[in-house]
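Peer 1: The numbering used here applies: residue 28 is where the sequence shown begins, and numbers increase by one.
Below is the structure I would like to discuss, written out as structure tokens.
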Amino acid sequence: MGYDLNKKLVIAISSRALFNLEDENKIFEEKGLDDYYKYQIENEDKQIAQGTGFRLVNNLLKINEDFPEDKQVEVIIMSRNNSATSLRITKSIEKYNLDIQRSAWTGGNDIAKYLKPFKVDLFLSANEEDVQNAINEGIASARILPYENLDNDFSEQVKIAFDGDAVLFSEESEVIYKTQGLEAFLEHEKMNVSNAMKDGPFAQLLRVISNIQAKYPQEKTPIRTALITARNSPAHERVIRTLSDWNVRLDEAFFLGGVDKYEVVKAFGADIFFDDQDVHLESTSKQTPSAKVLYKEESILNRI
28 MGYDLNKKLV
38 IAISSRALFN
48 LEDENKIFEE
58 KGLDDYYKYQ
68 IENEDKQIAQ
78 GTGFRLVNNL
88 LKINEDFPED
98 KQVEVIIMSR
108 NNSATSLRIT
118 KSIEKYNLDI
128 QRSAWTGGND
138 IAKYLKPFKV
148 DLFLSANEED
158 VQNAINEGIA
168 SARILPYENL
178 DNDFSEQVKI
188 AFDGDAVLFS
198 EESEVIYKTQ
208 GLEAFLEHEK
218 MNVSNAMKDG
228 PFAQLLRVIS
238 NIQAKYPQEK
248 TPIRTALITA
258 RNSPAHERVI
268 RTLSDWNVRL
278 DEAFFLGGVD
288 KYEVVKAFGA
298 DIFFDDQDVH
308 LESTSKQTPS
318 AKVLYKEESI
328 LNRI
């Protein structure tokens, strides 16, 4: 019987999200594919610096130490590189002692069509086209933003922070807020306070994380989650009822009511923060690994 990925937390990450390959990407953009391939092959033994997603991946993989016979987390490299240039990336993975055994090298082709066969729960990439295609396919996906991890702040506990509307929850309420204003939004939430919100693109990911958390006593969980949202009272009540209805665990919740998010995100110590709005990510990404959640192509939010 084949290796079963269905009951694991499967993270697919591009090489440029795991490692800092911005200089190499400039070679590709300015000089073309052949020069990029040549550079990677000539520098095959040169270790690549850590990228935005490195801390998250490193800390998540530590969870497997508690389950030597049944790994809970699987990390897969999904890259537009070809197999020849993959050697530099895989050698860097080995030098950092990351337990990453599976990979896909598409030679420039679209990555999104391979995510479902690998049972991916979360896809992280610096390539906006790949992220958009993944979101359109219904895969939780986000575009990694540049971040220099100067502190090497690794820990025994993974900390993941989420925005609410259009991330954990559907975009329905956000559309009302942006098209009709605050009063209409509050009235809508008041009228629907007992109706659970529909799933957003990251709802299933939260459920998978909750399944891992349930294997531990609460005080010893290796993953800690937080909701950091611009909602405040009274719109917070529907959020709380929704999470209860979903029967998922969320360790911390912050209803900021317009207060800047970046200080709360930093204080939480997030290994990564997911949000859909540039206004928040511009500040958080300077101090915390951050990633932008795109809307599906047909979303009205793309046209507002």
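For each residue, glycine too, the CB sits at the ideal point set by N, CA and C.
Fair warning: this is a prediction, and the values are worked out from it, not measured in the lab.
Within a Cβ cutoff of 6 Å, which residues of the same chain sit near A253, ignoring the five residues on either side of it in sequence?
Peer 2: A188, E279, F295.
Peer 1: Would you mind stating whether I190 and Q304 have Cβ atoms separated by less than 9 Å?
Peer 2: The displayed chain sequence assigns Asp, not Ile, to residue 190. In contact: D190 and Q304 (Cβ atoms closer than 9 Å).
Peer 1: Quick one: Cα of S42 to Cα of N136, how far?
Peer 2: The straight-line gap from Cα to Cα measures roughly 15 Å.
Peer 1: Use the C-beta contact count for A230: other C-beta atoms within 10 angstroms, 16 or more gives buried, fewer gives exposed.
Peer 2: Its Cβ being crowded by 16 or more others within 10 Å, A230 is buried.
Peer 1: Compare the Cα-Cα distances from Q99 to each of L277, Y64, D302, V37 and report the closest residue.
Peer 2: For Q99, the nearest C-alpha among the options comes from V37.
Peer 1: For V266 versus R258, is the C-beta distance shorter than 9 Å?
Peer 2: Closer than 9 Å, so yes.
Peer 1: Buried or exposed for I327, going by 16 or more other Cβ atoms inside 10 Å?
Peer 2: Classification for I327: exposed.
Peer 1: Please state whether DSSP places L36 in a helix, a strand or coil.
Peer 2: In this structure, L36 counts as strand in the three-state DSSP scheme.
Peer 1: Please report the Cβ distance between L321 and I162, rounded to the nearest whole angstrom; I am assuming they are in contact, meaning their Cβ atoms lie under 8 Å.
Peer 2: Confirmed, Cβ separation roughly 5 Å.
Peer 1: At the level of alpha carbons, what is the spacing between N222 and L60?
Peer 2: Answer to the nearest angstrom: the Cα atoms are 51 Å apart.
Peer 1: Helix, strand or coil for S113, going by three-state DSSP, please let me know.
Peer 2: In this structure, S113 counts as helix in the three-state DSSP scheme.
Peer 1: Spell out a yes or no on whether the segment 146-155 and the segment 167-177 are touching, meaning 3 or more CB-CB pairs, one atom from each, closer than 8 Å.
Peer 2: The segment 146-155, when compared against the segment 167-177, does touch it at the 8 Å Cβ threshold.
Peer 1: Going by DSSP in three states, Q159 sits in which element: helix, strand or coil?
Peer 2: In the structure shown, Q159 sits in a helix (DSSP, three-state: H, G or I).
Peer 1: Given S197, which residues of its chain have a CB within under 7 Å of its CB, disregarding the five upstream and five downstream residues?
Peer 2: Excluding sequence neighbours, S197 sits near M224, K225, D226, G227.
Peer 1: Less than 7 Å between C-beta atoms, sequence neighbours within five positions excluded: which residues of the same chain meet that for K323?
Peer 2: Contacts found: I162, N163.
Peer 1: Can you find a heavy atom of the ligand ADP that lies under 8 Å from the Cβ of M105?
Peer 2: Judged by which ligands are present, the structure shown has none, so any question about the ligand ADP falls away.
Peer 1: Give, in chain order, every unbroken run of the alpha helix (DSSP H) that is at least 4 residues long and sits entirely within the segment 264-321.
Peer 2: Listed in chain order, the complete alpha helix (DSSP H) runs (minimum 4 residues) inside the segment 264-321 are 289-295, 305-311.
Peer 1: Assign D302 to one of two classes, buried (16 or more other C-beta atoms within 10 Å of its C-beta) or exposed (fewer than that).
Peer 2: So D302 ends up on the buried side.
Peer 1: Whose C-alpha, out of E69, N238, I331, is nearest the C-alpha of V202?
Peer 2: Of the listed residues, the one whose Cα sits closest to V202 is I331.
Peer 1: Going by alpha carbons, who is nearest to D157 out of K313, K205, I40?
Peer 2: Of the listed residues, the one whose Cα sits closest to D157 is I40.
Peer 1: Just the Cα atoms here: how many angstroms apart are M105 and V306?
Peer 2: Spanning the two alpha carbons is a distance of roughly 29 Å.
Peer 1: Relative to the alpha-carbon of S113, which residue among K73, E264, Y289, I236 has its alpha-carbon at the smallest distance?
Peer 2: Selected option, being the one with the closest Cα: K73.
Peer 1: Between which two residues does the alpha helix (DSSP H) harbouring A44 extend?
Peer 2: Element bounds for A44: 42-45.
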